[in-house]
Amino acid sequence: MPKKTPRLFSLFLLFLIIFPALCQAQNKPLLALPDSMEMSGLAGETLSGKFAVFNQGELSVKMKVVTKNFRQKEQGGLEFFWSDEQSVCQWLKPSAQTLDLAAGEKKDVDFTLGIPAQTEPGGYLGAILFEAASDKDVGPKNSFGVLILANILTSAESAKEINPRIIELASNKINGSFPVGLALKVGNSTNYNASLNGELTIADWRGKIITKQKLNNLFVFPQSEKTFSWKWNGKSLFGIFKAQVALASAGGSQNDLASNIFLVIAWPVIIGLAALVAAVIAAMKYRQKIYSFETKTWFNFAKPKKRIKRAYKPKLKIVKDINSGST
324 MPKKTPRLFS
334 LFLLFLIIFP
344 ALCQAQNKPL
354 LALPDSMEMS
364 GLAGETLSGK
374 FAVFNQGELS
384 VKMKVVTKNF
394 RQKEQGGLEF
404 FWSDEQSVCQ
414 WLKPSAQTLD
424 LAAGEKKDVD
434 FTLGIPAQTE
444 PGGYLGAILF
454 EAASDKDVGP
464 KNSFGVLILA
474 NILTSAESAK
484 EINPRIIELA
494 SNKINGSFPV
504 GLALKVGNST
514 NYNASLNGEL
524 TIADWRGKII
534 TKQKLNNLFV
544 FPQSEKTFSW
554 KWNGKSLFGI
564 FKAQVALASA
574 GGSQNDLASN
584 IFLVIAWPVI
594 IGLAALVAAV
604 IAAMKYRQKI
614 YSFETKTWFN
624 FAKPKKRIKR
634 AYKPKLKIVK
644 DINSGST
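FYI, the numbering for the sequence shown is 324 to 650, going by my numbering.
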């Protein structure tokens, strides 16, 4: 029995070392790029697409490929579901029903979107998702995949009708530190999925552009509003800046522009200014002299003159003596 104890203890230690590594490898993300695609076509057409799936883990994975519809929840987030009615989940046909990926491997996934001839024009929402093939196989704990935003057009020219508009570009007017948060709110009043591309620029008070960032594939669902957020890291401790966003719809028929001016004043600067103001007030209060020729010293503070208190002298009152009749 004593001989087995070291062996069991060694196996236990090996388990403690390997098990977390396996869990960590399994929890590493599996990525699909791009994670969303906009596809437009006419009723009766068949569209084709392709995306890539990456396995960034250290273990091989086996996944099944499924198609579903999705909708946006009122409280936020997306809800995926299957529908027996004609919809994107039935129109999507991936090239494979299962996908095996070795550790560090990348594979392309082809698919088609067949639009029935009698489909009503408008925007439709679907997805190609990847799930663990079985409970025994290593795979994603949560399904992931690619969102497919399908627009069924009445004609090739109807893509120009998709004209989302910028509602506002917002940020805090005064910021005490970096990063500075920027929020772009876009509204889509059409019945189509909107895809926007554009550019975000940050300029200083002189108009010199110090930051430029491309904005690609900003999707807004039909009859909805969406807010896109970014964080900007600058280098200046103090400055007035102007953020500007220029967007164009996928059809290229509409351009929209929005800007916002904000101030960045870092806390060290605020503290320094406060100390300077306090010093000025103190100097004015105590009549600071930069240099005293009498004492030949710097920063000679003149003391305020003391008030001379006068001795209290009680007032004498004349009291009349009634009995004597004299004063």
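Ideal placement from N, C-alpha and C gives every residue a C-beta, glycine not left out.
Remember, it's a predicted structure, so these values are computed and weren't measured experimentally.
Asked, Found
"For Gln567, the first and last residue of its enclosing alpha helix (DSSP H)", "Segment 561-572 is the beta strand (DSSP E) holding Gln567; no alpha helix (DSSP H) there."
"Through-space distance from Pro352 to Lys429, alpha-carbon basis", "13 Å"
"Residues of its chain near Glu454, where Cβ-Cβ distance is below 8 Å and the 5 sequence neighbours each way are ignored", "Met386, Lys387, Val389, Gly462, Pro463, Ser466"
"Spatially closest choice to Gly595 from Leu560, Leu436, Ala493, by CA coordinates", "Leu560"
"Given Gly562 as reference, the closest of Val543, Phe544, Leu505, Phe501 once Cα atoms are compared", "Phe501"
"Rounded C-alpha distance that separates Trp553 from Leu492", "11 Å"
"Where Ala425 falls, given that 16 or more other Cβ within 10 Å makes a residue buried", "exposed"
"Supposed contact pair Leu472 and Phe403 - C-beta distance, whole angstroms, cut 8 Å", "At roughly 14 Å, the Cβ-Cβ gap does not stay under 8 Å, so Phe403 and Leu472 are not in contact."
"Three-state secondary structure (DSSP) of Ser406", "coil"
"Nearest neighbour of Trp555, chosen from Gln379, Arg529, Gly499, Thr534 [CA to CA]", "Thr534"
"Nearest candidate by alpha-carbon position, reference Ala506, set Phe585, Asp407, Val432, Ala450", "Phe585"
"Limits of the unbroken alpha helix (DSSP H) element including Trp414", "411-414"
"Buried or exposed by the 16-neighbour rule on C-beta atoms within 10 Å, applied to Trp414", "buried"
"Option nearest Lys558 by Cα separation, candidates Gln420, Val587, Gly504, Ser478", "Val587"
"Range of the contiguous beta strand (DSSP E) that encloses Lys508", "503-511"
"For Ser363 and Gly499, the rounded distance between their alpha carbons", "45 Å"
"Simplified DSSP assignment, three categories, for Leu382", "coil"
"Where Ser371 falls, given that 16 or more other Cβ within 10 Å makes a residue buried", "exposed"
"DSSP beta-bridge partners of Val600", "None; Val600 has no bridge partner."
"Residues near Lys549 in its chain [Cβ-Cβ closer than 7 Å; skip 5 each side]", "Val509, Val543"
"Whole-angstrom distance between Ile532 and Ala601, CA atom to CA atom", "36 Å"
"Burial state of Gln347 (16 or more Cβ within 10 Å)", "Per-residue confidence for Gln347 stands at a pLDDT of 42, beneath the threshold of 50, marking its modelled position as unreliable; the derived number appears in the next sentence. The residue in question, Gln347, is exposed, as its Cβ has fewer than 16 Cβ neighbours within 10 Å."
"Proximity below 9 Å, CB of Gln379 to CB of Gly427", "yes"
"Simplified DSSP state of Pro591, which is helix, strand or coil", "helix"
"Status (buried if at least 16 other CB within 10 Å, exposed otherwise) for Gly521", "buried"
"Ala517 - DSSP class collapsed to helix/strand/coil", "strand"
"Closest Cα partner of Glu484 within the set Ser512, Ile604, Leu365, Met360", "Ser512"
"Outcome for Ala375 when other beta-carbon atoms lying within 10 angstroms are tallied against a minimum of 16", "exposed"
"Closest by C-alpha distance to Glu368, when choosing among Gln441, Lys459, Phe393", "Gln441"
"Residue from Ile489, Asn474, Ser457 with nearest C-alpha to Ala482", "Asn474"
"Neighbourhood of Leu365 by C-beta, 6 Å cutoff - its chain only, sequence neighbours within 5 removed", "Leu476"
"Contact under 9 Å by Cβ, Ala566 with Ser582", "yes"
"CB of Gln536 within 9 Å of CB of Leu519, strictly", "no"
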